[in-house]
Amino acid sequence: MHGKNTYSKLNTEELKDLVLKKRKKCTDKIPVGINKEISKYCQIDEPAFDGGTCYRIHPNKNFEGKYIFYIYGGGMCQTISTQQWEFIASLSRSMGVGMLVPMYPLAPESCCRETFDMLEKAYSNLTTSYDIKQLILMGDSSGAGLALSLAMAAWKEGYRKPDQLVLLSPVLDTEFFDTELEQRLLDAGYSDHGIFYNQAAKDFINTYWVKDYAVKTEYTSPFYEDYTDLCDDVIIFSGIDDIFNCYARAFYKKAKMQGINIRFFEFDKEGHNFIINSKTNNAKSARSYLVDVLNHTFFNSLPDIYPIKMLADWTKKYPEIIKDEWATKFIYDNKFDFSNIKTKMSEYRSILKASAYSACDAKVRRYIMEYPNCTIINLGCRLDNMFKRLDNGRIQWYSIDTHNIMSVRRSMYGEREREKTVGRDIMDFTWVDEIKCKRNHGVMFVCNEALMCITRHQLKDLLEILFKRFPGADLVFTATTAGASIYTNIVYGSNAVEADKKKIFVNDAQRLLGEWGTDYKLISEEPLMKFAGKPDKLKLMTKAAMTYNKISYNYKVVHVRLGGEAYEIAI
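Numbering (the numbering used here), first residue to last: 2 to 572.
What follows is the structure, given as structure tokens:
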């Protein structure tokens, strides 16, 4: 439920009295200032239908028939807030979309069935009354749970299926059958972001919201329902500090297992409904991602896409080092404007980074030739299309990176046969449980640059985990010496494409691995310039730096075998 810290100390009846007292001071009308601002570029009306009040906001100019049916959240008992109206107005203005916003019945006066009677009537009526080219069903907090239930009802009752379903900081359960997830809420107790959960809150919801509809989870707790044919495009936004984040993660995992096309954006140090209530850079980034998702664009992802531009440039300039025709076509087709991306790249630095891609490709390609049915796991993959460059039509491939990167990646590539995407930070070792492979066919982990940004202790932990779970697997990663790491942080630390500080260095891979145990075998440690080919017409300083790299190994690719288990060469 929503409230100040003192709210979490009240009993059920005290909560009820406080909700009703607070509601007397509130209204579901659009605030005067926001109404005045919206009216500058939109029309506002209240479509008449049997069942309640709904606001329709639609642009005066260049309106293309895209509507968002928005269900606000408020713990099933609170009216829409000023911040929520501001968010709705911002979406309409920035995207040029129409907004349909129903004012639904609330607890304690009304229960879930009465709320759904109204929402279904509003949805059915409004989606058939207007010429809607694209329909997005969106909700925040408890409204996200209502949106999920409404999407299920639309499929069952034959209403129009939403083109996209967007769940912002979703609250998906009001009966709490999953005791493990409920315990996480109880352990969290109260959040500084104004959300709490305790036995009194549970009793309030059960008494006044669930009421006689216990176990009818399609109304009360859509988390437990079947998501088959729910929607062709489901998107979640959640903050890691949100006490309901555990439900968002569990829903994402369950939906993926049921074959739903789902993307999950997750933000560190953000609480409940941060995308609406917070003014942080994370919240701004989340809102930009949301607009990209709804418009099927990539403007907020340009820093992530810039390495693909570099691959396209290298394909033209240094084809003897790396070739990626897909990257060239992608950049050409989309006409991205990278003018605001801050980069600093010397000729040598450009060749060095191209050679890192080339080195990793070469190592993986050779492994695939030896083990054609192997499994490759690309750690910290970003948006790189390494799978397409190296696919032999038989391998299994896993791409691992943060939820946000994976969500953009799925927008770009869609779902591909034999490639699975896993949204996790590489140091969140739960991703290991997602890897399903036949170890006797070969397993290789590859990581270009990402391991440079973790600590020495973290690298040791990672190797231990991989050795225990995948004995005999190979690991290929790029690394730097101490001097090169310091130089890179000082000279290139402000680059948009190299914003992560280099934390670890590998002066001598053999010695480092020896300190950590005898189970790790160094296969090779090679300078990146070994994979640079012989580009034409290079500057003298570039040639000197390339020669120095071959002597000093200051930028290198390391190939390690984790244990001595032998693999079958499957033909």
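Yeah, the Cβ is synthetic: ideal placement off N, Cα and C, and Gly gets one too.
1. Within 10 angstroms of its Cβ, does Leu21 collect 16 or more other Cβ (buried), or is it exposed?
2. Which of the three DSSP states, helix, strand or coil, is assigned to Tyr68?
3. Could you pull out every residue in the same chain whose Cβ sits closer than 8 angstroms to the Cβ of Asp193, ignoring the five residues on either side in sequence?
4. Whole beta strand (DSSP E) runs in the segment 154 to 214 with 3 or more residues, listed along the chain?
5. By the three-class DSSP mapping on this structure, what secondary structure does Gly564 have?
6. Going by beta-carbon coordinates alone, are Val294 and Ile263 separated by less than 8 angstroms?
7. Please give the ranges of any beta strand (DSSP E) in the segment 20 to 83, keeping only runs that are unbroken, at least 3 residues long and fully inside the region.
8. At what residue ranges does the segment 71 to 150 contain a whole run of the alpha helix (DSSP H), taking only runs of 4 or more?
9. Cβ of Leu404 within 8 angstroms of Cβ of Phe224?
10. For Asp243, count neighbouring C-beta atoms within 10 Å of its own C-beta (all shown protein chains included) and say buried if the count is 16 or more, exposed if not.
11. What does the alpha-carbon distance come out to for the pair Ile570 and Arg395?
12. Skipping 5 residues on each side, what residues in its chain have a beta carbon closer than 7 angstroms to that of Glu321?
13. Go ahead and pull the three-state DSSP assignment for Glu321.
14. Return helix, strand or coil for Phe337, following the three-state DSSP convention.
15. Is the separation between the beta-carbon of Ala451 and that of Gly381 shorter than 8 angstroms?
16. If the criterion is Cβ atoms closer than 8 angstroms, does the pair Ser111 and Glu219 meet it?
17. What does the alpha-carbon distance come out to for the pair Lys122 and Gly52?
18. Comparing C-alpha positions only, which one of Lys203, Thr221 and Ile277 sits nearest to Ser82?
19. Quick one: measure Cβ to Cβ for Phe70 and Leu107, integer angstroms, because I've assumed they're closer than 8 angstroms.
20. Looking at the secondary structure, which residues open and close the alpha helix (DSSP H) in which Arg366 lies?
21. Taking the alpha carbon of Ile196 as the reference point, which residue from Phe177, Phe245 and Phe178 has its own alpha carbon closest?
22. Just mark Ser340 as buried or exposed, buried being the case when its beta carbon has 16 or more other beta carbons within 10 Å.
23. Just verifying my parser: in three-state terms, what is the DSSP assignment at Asp314?
24. Using C-beta distances below 7 angstroms, list every residue in its chain close to Glu348, excluding the 5 sequence neighbours before and after it, in chain order.
25. Span of the beta strand (DSSP E) holding Asn379?
26. In this structure, how does DSSP classify Tyr554 when only helix, strand and coil are distinguished?
27. Starting from Cys448, trace the beta strand (DSSP E) both ways and give me its first and last residue.
28. Could you tell me the alpha carbon to alpha carbon distance between Gly415 and Gly424, rounded to whole angstroms?
29. For the alpha helix (DSSP H) containing Ser289, name the first residue and the last one.
30. In the DSSP assignment, what are the bridge partners of Ile236?
Well, looking at it:
1. exposed
2. Assigned with DSSP and collapsed to three states, Tyr68 falls in strand.
3. Because the pLDDT of Asp193 is 49, which lies under 50, any placement of that residue in the model is unreliable, and the number read from its coordinates should be weighed accordingly. If we look at Asp193 and ignore the five residues flanking it on each side, its Cβ neighbours are Gly272.
4. The DSSP assignment places complete beta strand (DSSP E) segments of no fewer than 3 residues inside the segment 154 to 214 at 165 to 169, in order along the chain.
5. Correct three-state label for Gly564: coil.
6. No, they are not a contact pair.
7. 43 to 46, 54 to 60 and 67 to 72
8. 83 to 96 and 113 to 130
9. Inspection of the sequence shows that residue 404 is occupied by His rather than by Leu. No. Outside cutoff.
10. buried
11. Any reading at Ile570 needs caution, since the residue's pLDDT is 49, under 50, leaving its predicted position unreliable; the model's value is listed next. Their Cα atoms are separated by approximately 13 angstroms.
12. Gly534, Lys535 and Pro536
13. When secondary structure is reduced to three states using DSSP, Glu321 falls in the coil class, being assigned neither helix nor strand.
14. coil
15. A contact, by the Cβ cut-off of 8 angstroms.
16. no
17. 7 angstroms
18. Comparing Cα positions, the closest option is Ile277.
19. The pair is not a contact, with the Cβ atoms about 18 angstroms apart (cut-off 8 angstroms).
20. Glu348 to Glu371
21. Between Ile196 and the set Phe177, Phe245 and Phe178, the nearest pair of CA atoms involves Phe245.
22. exposed
23. helix
24. Excluding sequence neighbours, Glu348 sits near Leu539, Lys540 and Thr543.
25. Thr376 to Leu380
26. coil
27. Val444 to Cys448
28. Taking the Cα positions, Gly415 is about 14 angstroms away from Gly424.
29. Counted as a single uninterrupted DSSP element, the alpha helix (DSSP H) harbouring Ser289 occupies residues Asn282 to Asn296.
30. Note: Ile236 is bridge-paired with Val167 and Arg264 in the DSSP secondary-structure output.
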